[in-house]
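One structure below.
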Amino acid sequence: MRRAVLALSLLAALAAGAGAAQTPAQLQQRIDAQEAELRRLTAQAEQLGFELRRLREAQEARLQDLEFRIIELEGGDPTAAFRTGDQPEAATPQAGAPSPAAGLGAPPAALGSLRGSIGPDERAAFEAAMRDLEGLGPDAGRRSVSDFLSAYPDGALGAEALARVGAALAAEGRHQEAARVFLEGVRDHGDEPGAPEALLGLARSLAALGAAEQACASFRELAGRADAPPSLKATGAEAARRAGCL
Numbered sequence: 001m002r003r004a005v006l007a008l009s010l011l012a013a014l015a016a017g018a019g020a021a022q023t024p025a026q027l028q029q030r031i032d033a034q035e036a037e038l039r040r041l042t043a044q045a046e047q048l049g050f051e052l053r054r055l056r057e058a059q060e061a062r063l064q065d066l067e068f069r070i071i072e073l074e075g076g077d078p079t080a081a082f083r084t085g086d087q088p089e090a091a092t093p094q095a096g097a098p099s100p101a102a103g104l105g106a107p108p109a110a111l112g113s114l115r116g117s118i119g120p121d122e123r124a125a126f127e128a129a130m131r132d133l134e135g136l137g138p139d140a141g142r143r144s145v146s147d148f149l150s151a152y153p154d155g156a157l158g159a160e161a162l163a164r165v166g167a168a169l170a171a172e173g174r175h176q177e178a179a180r181v182f183l184e185g186v187r188d189h190g191d192e193p194g195a196p197e198a199l200l201g202l203a204r205s206l207a208a209l210g211a212a213e214q215a216c217a218s219f220r221e222l223a224g225r226a227d228a229p230p231s232l233k234a235t236g237a238e239a240a241r242r243a244g245c246l
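UniProt numbering numbers the first residue of the sequence shown as 1 and each following residue consecutively.
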């Protein structure tokens, strides 16, 4: 790769100048400058990669803390999900409801990655799940959304679907269940357009559960997300104020 870049630089230098011939020393100087620039760009890329890994590790640690806190609020043992080592165990589901994802599951997608485009079949399946949610209630809607996520694991509507389920649960005062659903949306679908909405719902549910520290941290994260619409950030700021975070 480096040799190719240097060769192209040399050819460019030779072609530059029918009317402005350069001495071998000048050509070597230009090649040295190109090589120095290549080293700088390589170092910059390595630094960006390091920062990306650091951010992902910090995000995973924060989501793990939230998972533990929600389990504690439910009266469960937060260490149970990790007793088998690195592989999390599934939590025991409530009757009539699907089992929420336990532990950390898959790490968040790399920052800057994009989900695929939304096809007509995915859109139709999403709308069908939302009709179940609106017409049959959050439990039936949650099952339909679970089926939707299984059918389209790499889609772009998972976070939005989970955010709507969480909102329906929160509207019934089921804030612990809502927090788990919102957390799943943030954790497993954090690169999707609906992730900021799920994060706002998570912050609100944590505030309703009395987990003030975690709620305020989530509100701050929402405020700093570049992909969060201004209107959603404004809503989050008002909710943070009411929760005593500002």
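We put the CB at the ideal spot given by N, CA and C, even for glycine.
Please read all numbers here as calculations on a predicted model, not as lab measurements.
Collapsing the DSSP output to three states places Ile118 in coil.
Judged by DSSP in its simplified three-state form, His175 adopts helix. With distances taken between CA atoms, Glu160 lies nearest to Glu122 out of Arg174, Glu122 and Gln176. In this chain, the alpha helix (DSSP H) harbouring Gly236 covers Pro230 to Arg242.
Taking a contact as a CB-CB distance under 8 Å, the pair Ala156 and Ile118 counts as one, their CB atoms being some 5 Å apart. For Cys216, the enclosing alpha helix (DSSP H) covers residues Ala212 to Gly224.
The straight-line gap separating the alpha-carbon atoms of Ala195 and Val186 is approximately 5 Å.
In this structure, the beta-carbon distance from Ala151 to Ala125 falls below 8 Å. The distance from the Cβ of Leu232 to that of Glu192 is about 14 Å, inconsistent with a contact at the 8 Å cut-off. One Cα belongs to Asp65, the other to Glu238, and the distance between them is close to 25 Å. Per DSSP, Asp191 lies in no alpha helix (DSSP H) and is assigned neither H nor E. Per the Cβ contact rule, the stretch 203–210 is in contact with the stretch 177–185 (3 or more Cβ pairs under 8 Å). In the three-state reduction of the DSSP assignment, Pro138 falls in the helix class, which pools H, G and I. Comparing C-alpha distances from Gly244 to each of Arg225, Ala226, Arg220 and Gly224 shows the shortest one belongs to Arg220. Counting other Cβ atoms within 10 Å of its Cβ, Phe148 reaches 16 or more and is therefore classed as buried. Rounded to the nearest angstrom, the gap between the Cα atoms of Asp32 and Ala45 is 20 Å.
In this structure, Val165 keeps its C-beta atom at 8 Å or more from the C-beta atom of Gly190. Annotated three-state conformation of Gly158 is helix, per DSSP. Straight across, the Cα-Cα distance linking Thr23 with Phe50 is about 41 Å. Sequence-distant Cβ neighbours of Arg131 in its own chain, meaning closer than 7 Å and more than five residues away, do not exist here. Here Ala211 has Arg69 as same chain residues with Cβ atoms under 6 Å from its own Cβ, once five neighbours each way along the sequence are excluded.
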